[in-house]
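Colleague:
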Amino acid sequence: MILKLRNYFFAGILVTAPLAITIYFVWIFVNFVDSKVTKFFPDFFFSLPIEVPGSGLLVFITSMILIGWFTASFLGRIIVRFGEKILSRVPVIRGIYTAVKQIFGTVLKKQSDAFRQVVLIEYPRKGSWAMGFLTGSTKGEVQKITKNETVNVFLPTTPNPTSGFLLFIPKRDVRPLKMSVDEGIKMIISAGIITPSKKNKKD
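Per our numbering, the sequence shown runs over residues 981 to 1183.
#1: Would you kindly check if the distance between the Cβ of proline 1139 and the Cβ of alanine 1171 is under 8 Å?
#2: Just reading off the beta strand (DSSP E) that valine 1098 is part of, what are its end residues?
#3: Less than 8 Å between CB atoms is the rule here; does alanine 997 satisfy it with respect to chain C?
#4: Mapping the DSSP letters down to three states, classify glycine 1112 as helix, strand or coil.
#5: Please list, in chain order, all residues of the same chain as serine 1108 whose beta carbon is under 6 Å from its beta carbon, the five residues on each side excluded.
#6: For the beta strand (DSSP E) containing threonine 1130, name the first residue and the last one.
#7: Using the DSSP secondary-structure output, state which residues sit across from leucine 1146 in a beta bridge.
#8: Which term fits isoleucine 1101, buried or exposed, when burial requires 16 or more other beta carbons within 10 angstroms of its beta carbon?
#9: Using alpha carbons as the reference points, say which of Ile1149, Phe1113, Pro1156, Thr1137 lies closest to lysine 1127.
#10: So which of Lys1166, Thr1130, Leu1114 has the shortest CA-CA distance to glutamate 1121?
#11: Kindly identify the DSSP beta-bridge partner or partners of serine 1117.
Structure, rendered in structure tokens:
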């Protein structure tokens, strides 16, 4: 009887904990966006008698859609090109803007080369393996200096995969894995607790 109750208890935790933690983080994100977005709009945008969670997020999403629609128009493209031409002539701002634009362009593009494949590399010493993400072939000055064909590997940290190291590694030293990028991220976030089953791996 006690064993059954114990199993029911852990089953309840297994069902409830992921849902509760997910709701908690979504709630934090929505409140964070609300607190930042509402500062940039007049009070009458949020003049409802009661506070509606997510109203700032809704305004933000709507604003991005409208801006995207405008920049896709002929007049919008002209204004964007004119603004970028001005920014390209300001030394420090030019570098920051170009870098940020390239990052967002890579992440949001459907046919992006970002995180092409999950790979294994020997790191930080021989015989010790680390999981990373192949982001593309090394180009430019870095490739010219290296003697071998080199690839870019992003080596994320656990449990926060948004930070990590960019490594330039000879292609022959990179071991590709069959798991998907999503499965690789889950494995890194869980510190190896969650591992993809064989049936979920790519053929």
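Glycine is no exception: its CB is placed at the ideal position from the N, C-alpha and C atoms. Here the structure is a predicted model, which is why all the values come from computation and not from measurement.
Modeller: According to the structure data:
#1: yes
#2: 1097–1102
#3: Of the protein chains in the structure, only one exists, and it is not chain C.
#4: strand
#5: none
#6: 1130–1136
#7: Phe1134
#8: buried
#9: Ile1149
#10: Thr1130
#11: Val1131
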